[in-house]
Amino acid sequence: MRILIFTEVLSPYVCGVSSYVEVLKQGLEKLSHDVVIVTSSLYKQDATLKHGVIYCPARRSGNKYGHECRNPSDAKTIEFITDLKPDIIHIHTDTKIGYMGLSVADKANVPVVFTIHDYFMDRFASDNSKMVWNVKTYFEKQHFQDMLDNAVTVTSSCSRASIFVQRADRKRNVKLIQSSTDTDKFDYRTATPESIKKIRMKLGLAPKSTVAVFAGQITVEKNLEFIITAFAKYIKRSEDIQLLIAGEGPEADYLKALCRTLKISDRVIFTGNIANSLMPDVYSACDIYVCSSDDGLMSMSFLEAMSCGLPVLVKSDKEQIVRDTIKSGVNGFIYSKKAEFAKYLKTLASLDANKRKRIKQIVRGSIVTENDTKLAEQYVEVYESAIQKYKKKRYK
């Protein structure tokens, strides 16, 4: 079948959505399906199809990605995309490119599958004005509702998405899809001592320091302030631990200023955007993966880091979802408080070379080992079901 995937961002933009879409496309094509991704780009003046991706002109925006499709209602672009004769539309965002997906689906008379990757109420929580936050959240909720109302099937990688749907005042079943990553691409065994030394030098990492890495969008829901303040309070300079934050986002400037205030700027490195193709080397050059989101869904970078053998420090979530993946003391630790985070970080940093080598093997072996077609196979079932449901509804 021909599948059109709509996502506001794509690699080299570093975030879970872009990684998820990349893995899905790769798996679907291995199953002999025809896949075209529709995304936005700040560097295009007209819609352009290149290597299976349609790039639509974008503009700067205050949304979580920093940009958005310039004109999601552009008739010429919608006609161009509709002429591809899709069998199904798969939308991964409720930003403007998602609305373009709805328009194409309507014009092509095909069903929509909507995948939930985040929670609408978290997106502007950092605004100083409560009134502005309330207004923006109101519109974000509407966007989220529009996608739910127009999708034949709603999916997510985490059961917590059902709670987000309820809070959006909608009653929709959410089909759970088990995330997977490209374990061939994200494999620490492909890295050489020379490549690790090179990437550490490029990133400004000390040759022998322990490096804890976070990768993804730097947004308020990632709760990176928790990690940074815990790091400043409990990790001494003499312990030779560095924190690497890979990615970009609306919280980046605030967090950089916070590091300056806490006088840890020399120990906390912000990389900005890194091409997804370089992330296996980045993970392999680090020692620990850290995250502190309270409500985020299952992160692709979380899985990528584990595939590269990094033990994970993850904050206990309200619905205990992380306990399905993290076995405390085996492939990482689950923490609740800042002191706990620091204690586990120091524990992992204290391991000698042999123990670090062993834990890489354990961590990599602990994640689901199916290749990228596992994700695609699950979605093919979803697509086929959605098409049948859509036909029954249409011809009633």
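Residue numbers for the sequence shown follow my numbering, so the first one is 383 and each next one is one higher. We put the beta carbon where it would ideally sit given N, CA and C, even for glycine.
- Taken through DSSP and simplified to helix, strand or coil, G714 comes out as strand.
- Here DSSP, grouped into helix, strand and coil, assigns R649 to coil.
- About 7 Å separates the beta carbon of V420 from that of I387, a gap short enough to meet the 8 Å contact definition.
- In this structure, the alpha-carbon of I749 lies about 26 Å from that of F608.
- Taken in chain order, the unbroken stretches of beta strand (DSSP E) that lie wholly in the stretch 456 to 492 and span 3 residues or more are 470 to 473.
- Rounded to whole angstroms, the gap between the alpha carbons of S538 and S681 is 11 Å.
- Membership of S577 in the alpha helix (DSSP H) is indicated by the continuous run P575 to L585.
- As DSSP reads the structure, Q624 sits in a beta bridge with V593.
- Note on R740: under 16 other CB atoms within 10 angstroms of its CB, so exposed under the neighbour-count rule.
- In this structure, the straight-line span from the alpha carbon of R642 to that of Y636 is close to 10 Å.
- Pairing T592 with D528 gives a Cβ-Cβ distance that is not under 7 Å.
- Distance from the CA atom of N453 to the CA atom of P394, rounded to whole angstroms, is 22 Å.
- Fully enclosed beta strand (DSSP E) runs of no fewer than 3 residues occupy 416 to 423, 430 to 432, 435 to 442 and 449 to 451 of the stretch 411 to 459, in order along the chain.
- In this chain, the beta strand (DSSP E) harbouring R384 covers R384 to F388.
- At least 7 Å separates the beta-carbon of T535 from that of K553.
- In the three-state reduction of the DSSP assignment, S400 falls in the helix class, which pools H, G and I.
- Apart from sequence neighbours up to five positions away, the residues of its chain that approach Y447 with a beta-carbon distance below 6 Å are E390 and V391, ordered along the chain.
- For T611, the enclosing alpha helix (DSSP H) stretches over residues L606 to Y616.
- In the same chain as S718, and ignoring 5 residues on each side of it, the C-beta atoms closer than 8 Å to its own belong to K697 and S698, in chain order.
- For the pair S423 and Y437, the CB atoms are nearer than the 7 Å cut-off.
- Residue environment: G480 is assigned as buried (16 or more neighbouring CB atoms within 10 Å of its CB, all protein chains considered).
- In the three-state scheme derived from DSSP, where H, G and I count as helix and E and B as strand, L695 is classed as strand.
- With fewer than 16 other Cβ atoms from the protein chains shown falling within 10 Å of its own Cβ, R776 counts as exposed.
- Counting C-beta atoms within 10 angstroms of its own C-beta, R442 has fewer than 16 neighbours from the protein chains shown and is therefore classed as exposed.
- In the three-state reduction of the DSSP assignment, S562 falls in the coil class.
- DSSP, read as helix, strand or coil, puts K742 in helix.
- Approximately 16 Å separates the beta-carbon atoms of V672 and L640; this is outside 8 Å, ruling out the contact.
- In the structure shown, the three-state DSSP call for V534 is coil.
- Of the candidates I716, P468 and I385, the residue whose Cα lies closest to the Cα of L410 is I385.
- Residue environment for T601: buried (at least 16 other C-beta atoms within 10 angstroms of its C-beta).
- The alpha-carbon of A731 is positioned some 18 Å away from that of I651.
- When rounded, the separation of the alpha-carbon atoms in F521 and V494 is 21 Å.
- K458 and K523 have their alpha carbons spaced roughly 29 Å apart.
- Between L685 and S561, the CB-CB gap stays under 7 Å.
- Ranked by Cα distance from P662, the options D569, K432, N605 and R619 are led by D569.
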